[in-house]
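Protein sequence lines correspond, in order, to chains X and G.
Note that the working numbering has the first sequence beginning at 1, numbered continuously upward.
Note that the working numbering has the second sequence beginning at 261, numbered continuously upward.
Using N, Cα and C, we set each Cβ at its ideal position, and we do this for glycine too.
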Amino acid sequence: MGAMKLNERSVAHYALSDSPADHTGFLRTWGGAGTPPTPSGAGRRCWFVLKGNLLFAFENREGRAPLSLVVLEGCTVELAEAPVPEEFAFAIRFDAPGVRPHLLAADGPAAQEAWVKALSRASFGYMRLVVRELESQLRDARHSLDLHRRSSWKAIPSRPKAQATDHWSSGLENGHSLSTDCSSVGLVEEAGSRPAGRGLSEWELQSPASLLLGRGQSPVSPETSCFSTLHYWYGQEIMELRRSMAAEGPGEPARLRGTG
Amino acid sequence: MRYNEKELQALSRQPAEMAAELVVKRRLVKLVVNFLFYFRTDEAEPVGALLLEHCRITQEEPSGFSISFLEDPERKYHFECCSEEQCQEWMGALRRASYEFMRRSLIFYRNELQKMTGKDPLEQFGISGEARFQLSGLKA
């Protein structure tokens, strides 16, 4: 549609995929770049789907192809006065020069509020902030766990930490493949569209965390680990701690730094 | 499908996670959030953009990589780097560049923190109830 190319088929495919939608609902739209054209005044009622920083509009809930896409970066969302006295309207206002705001209207006050909230938090930057915050909290919690372990380590059998690390790194050496005993958590099988013989798992290869937090590596790193292995390992860690604490009898419980 | 091209072009001018000249055709490639923009050298407006969701980054020997997408895995966008090191750096960055990757990271950290501390770390942000951050949301 524009002079700039975009991988539209992939984008449309992503819009229709089972990946979670952050918000959906009917909204009336008055046009603007990236939205469907409208008859003047009334606004056009479309089914909107928010996924990450992408706002798609469909003709209706059963729409097989998005009518439009608004990329929600470099914008602010605020309540607005619609051209016609329209209730529950809000606008997506862009920083880019010479661009008119996109006007949208919900069906009621609750929907309006929910949409404004959802769209305000849709940017990649916001998500990245939250992830980094949790990353550092996890690092701190992990550190506290480490300290407690060291202070009571005689009660805990030597952790198979080295083994676990080897397990992860060997799973990573051949680049993409996950270890065979890993369940790919959260991976959605897409009927029909996936390559023959392979599931979505090969496409969603990046499990988020490397447990090498203690070594100062970012968990959000190219070295990925098997999700279920990490889950299991942490679970074991905590069970051991509890056992050792129980064995030592009543006393100060382990104090992990709170998240507050 | 219409899209807000002007805004996307404006986005291409934002600070990049990474930028370099890659590709056989000698394009300037710029990674901004979950988009990979590519420019002809010396041009201000991008030739095109790739949304990096549901994509696969594959190493192509010796020092290149390709990007392909879920719905058409045979179709590859090839990139040639100056060195193996640059190649690895880019591959890593591109794999982390999707919103879906961040979503999974967030859910994972949230779950781990909840197990370790007994508290939901998202409460402080007032977003603990949102559907997109639920562990159950990961399953089919």
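DSSP puts arginine 93(X) in a beta bridge; with which residues?
Here residue 93(X) refers to the residue found at position 93 when the first sequence is read from its first residue. Beta-bridge pairing links arginine 93(X) to Thr76(X).
Starting from alanine 270(G), trace the alpha helix (DSSP H) both ways and give me its first and last residue.
Along the second sequence, read from residue 1 onward, the residue named residue 270(G) stands at position 10. Run containing alanine 270(G): 265–272, per the alpha helix (DSSP H) assignment.
If we count Cβ pairs, one from each stretch, closer than 8 angstroms, do we get three or more for the region 358–366 of chain G versus the region 326–345 of chain G?
no
List the residues of chain X that glutamine 274(G) touches, going by C-beta distances under 9 angstroms, in chain order.
Position 14 of the second sequence holds residue 274(G). Under the 9 angstroms cutoff, chain X gives Glu73 and Gly74.
With a 10 Å radius around its C-beta and 16 neighbouring C-beta atoms as the bar for buried, classify cysteine 315(G) as buried or exposed.
The sequence position of residue 315(G) within the second sequence is 55, counting from 1. By the neighbour-count rule (16 or more Cβ atoms within 10 Å), cysteine 315(G) is buried.
Should methionine 261(G) be flagged as near chain X, meaning a C-beta pair shorter than 8 angstroms?
Locating residue 261(G) in the second sequence gives position 1, where the first residue counts as 1. Closer than 8 angstroms: yes.
Within 8 angstroms (strictly less), CB to CB, does glycine 266(G) reach chain X?
The residue given as residue 266(G) occupies position 6 in the second sequence. Position check: residue 266(G) holds lysine in this sequence, whereas glycine was assumed. So, interface residue.
Aspartate 332(G) at chain X interface by Cβ criterion, 8 angstroms
Locating residue 332(G) in the second sequence gives position 72, where the first residue counts as 1. Cβ-Cβ to chain X under 8 angstroms: yes for aspartate 332(G).
Please identify, using Cβ separations under 8 angstroms, the residues of the region 5–19 of chain X that lie next to chain G, in order along the chain.
Lys5, Leu6, Asn7, Glu8, Arg9, Ser10, Val11, Ala12, His13, Tyr14, Ser17, Asp18 and Ser19
Taking the alpha-carbon positions, what's the arginine 370(G) to lysine 379(G) distance?
For the purposes of this step, residue 370(G) is taken as residue 110 along the second sequence, with counting starting at 1. For the purposes of this step, residue 379(G) is taken as residue 119 along the second sequence, with counting starting at 1. Their Cα atoms are separated by approximately 9 angstroms.
Determine the chain G residues that contact glycine 43(X) at a beta-carbon separation under 9 angstroms, and present them in chain order.
Locating residue 43(X) in the first sequence gives position 43, counting from the first residue. Within chain G, no residue comes near glycine 43(X); the closest Cβ sits about 16 angstroms away, beyond 9 angstroms.
Three CB pairs or more closer than 8 angstroms across the region 11–18 of chain X and the region 73–82 of chain X:
no
Valine 130(X) and glutamate 267(G) closer than 8 angstroms at C-beta:
For the purposes of this step, residue 130(X) is taken as the residue at position 130 of the first sequence. For the purposes of this step, residue 267(G) is taken as the residue at position 7 of the second sequence. It is not a contact, given that the beta carbons lie outside the stated cut-off.
In the structure shown, what three-state DSSP assignment does threonine 24(X) receive?
Residue 24(X) sits at position 24 when you count from the first residue of the first sequence. In this structure, threonine 24(X) counts as strand in the three-state DSSP scheme.
Step through the CB atoms of chain X and report whether any lies within less than 8 angstroms of the CB of proline 322(G).
Residue numbering aside, residue 322(G) sits at position 62 when the second sequence is read from its first letter. By this cut-off, proline 322(G) is not an interface position.
Given a cut-off of 8 angstroms, decide if phenylalanine 94(X) and leucine 79(X) are closer than it, judged by their beta-carbon atoms.
Residue numbering aside, residue 79(X) sits at position 79 when the first sequence is read from its first letter. Residue numbering aside, residue 94(X) sits at position 94 when the first sequence is read from its first letter. No, the pair does not count as a contact, with Cβ atoms beyond the cut-off.
Can you give me the Cβ contacts of aspartate 181(X) inside the same chain, cut-off strictly under 7 angstroms, excluding the 5 residues immediately before and after it?
Against the first sequence, residue 181(X) aligns to sequence position 181. No answer about aspartate 181(X) holds up, because its pLDDT of 34 lies below 50 and its placement is not dependable.
Provide the residue(s) that pair with glutamate 318(G) in DSSP beta bridges, ordered along the chain.
Along the second sequence, read from residue 1 onward, the residue named residue 318(G) stands at position 58. Position check: residue 318(G) holds threonine in this sequence, whereas glutamate was assumed. DSSP, once it has assigned bridges, lists Ser326(G) as partnering threonine 318(G).
On the premise that asparagine 294(G) lies in contact with leucine 312(G), defined as a C-beta separation below 8 angstroms, what is that separation, rounded to the nearest angstrom?
Position 52 of the second sequence, counted from the start, is the residue given in the question as residue 312(G). Position 34 of the second sequence, counted from the start, is the residue given in the question as residue 294(G). Indeed, because the Cβ distance is near 5 angstroms, the residues count as touching under 8 angstroms.
Select from the region 58–69 of chain X all residues with a C-beta closer than 8 angstroms to any C-beta belonging to chain G, and list them in chain order.
Ala65, Pro66, Leu67, Ser68 and Leu69
Against chain X, does glycine 308(G) count as a neighbour if the rule is that its beta carbon must be under 8 angstroms from one of theirs?
Mapped onto the second sequence, residue 308(G) falls at position 48. By this cut-off, glycine 308(G) is an interface position.
Quick one: Cα of threonine 24(X) to Cα of leucine 382(G), how far?
Mapped onto the first sequence, residue 24(X) falls at position 24. Mapped onto the second sequence, residue 382(G) falls at position 122. Rounded to the nearest angstrom, the two C-alpha atoms are 22 angstroms apart.
May I ask you to report which of helix, strand or coil DSSP gives alanine 106(X)?
Residue mapping note: residue 106(X) aligns to position 106 of the first sequence, counting from 1. Correct three-state label for alanine 106(X): coil.
What separation, rounded to the nearest whole angstrom, lies between the Cα atoms of serine 343(G) and proline 322(G)?
One-based indexing of the second sequence puts residue 343(G) at position 83. One-based indexing of the second sequence puts residue 322(G) at position 62. For serine 343(G) and proline 322(G), the distance between alpha carbons rounds to 9 angstroms.
So, are the CB atoms of proline 306(G) and glutamine 269(G) less than 8 angstroms apart?
Here residue 306(G) is taken as the residue at index 46 of the second sequence, counted from 1. Here residue 269(G) is taken as the residue at index 9 of the second sequence, counted from 1. It is a contact, given that the beta carbons lie within the stated cut-off.
Does the Cβ-Cβ distance between arginine 45(X) and arginine 61(X) come in under 8 angstroms?
Residue 45(X) sits at position 45 when you count from the first residue of the first sequence. Residue 61(X) sits at position 61 when you count from the first residue of the first sequence. Result no, Cβ atoms of arginine 45(X) and arginine 61(X) do not sit closer than 8 angstroms.
Where threonine 229(X) sits in the DSSP three-state scheme
By 1-based counting over the first sequence, the position of residue 229(X) is 229. Residue confidence for threonine 229(X) is low, a pLDDT of 47 falling below 50, so the modelled location carries little weight; the figure read from the coordinates is stated next. Three-state result, threonine 229(X): helix.
Does the Cβ of proline 109(X) have 16 or more other Cβ atoms within 10 Å, making it buried, or fewer, making it exposed?
Counted from its first residue, the first sequence places residue 109(X) at position 109. Exposed is the call here.
What in chain G is Cβ-close to leucine 104(X), meaning under 8 angstroms?
Within the first sequence, numbered from 1, the residue matching residue 104(X) stands at position 104. Simply none; closest approach about 13 angstroms.
So that I know if they touch, is there some Cβ in chain G lying closer than 8 angstroms to that of aspartate 107(X)?
On the first sequence, residue 107(X) is found 107 positions in, with the first residue counted as 1. Not one chain G Cβ lies under 8 angstroms of aspartate 107(X).
Any C-beta of chain X sitting closer than 8 angstroms to the C-beta of phenylalanine 325(G)?
On the second sequence, position 65 is the one that residue 325(G) refers to. Output row for phenylalanine 325(G): interface = no.
Under 8 angstroms, do glutamate 8(X) and methionine 261(G) count as touching if we go by C-beta distance?
One-based indexing of the first sequence puts residue 8(X) at position 8. One-based indexing of the second sequence puts residue 261(G) at position 1. Yes, these two residues count as a Cβ contact at 8 angstroms.
For glycine 52(X), would you say it is in contact with chain A, using Cβ-to-Cβ distances shorter than 8 angstroms as the test?
As a matter of chain content, chain A is missing from the structure shown, whose protein chains are X and G.
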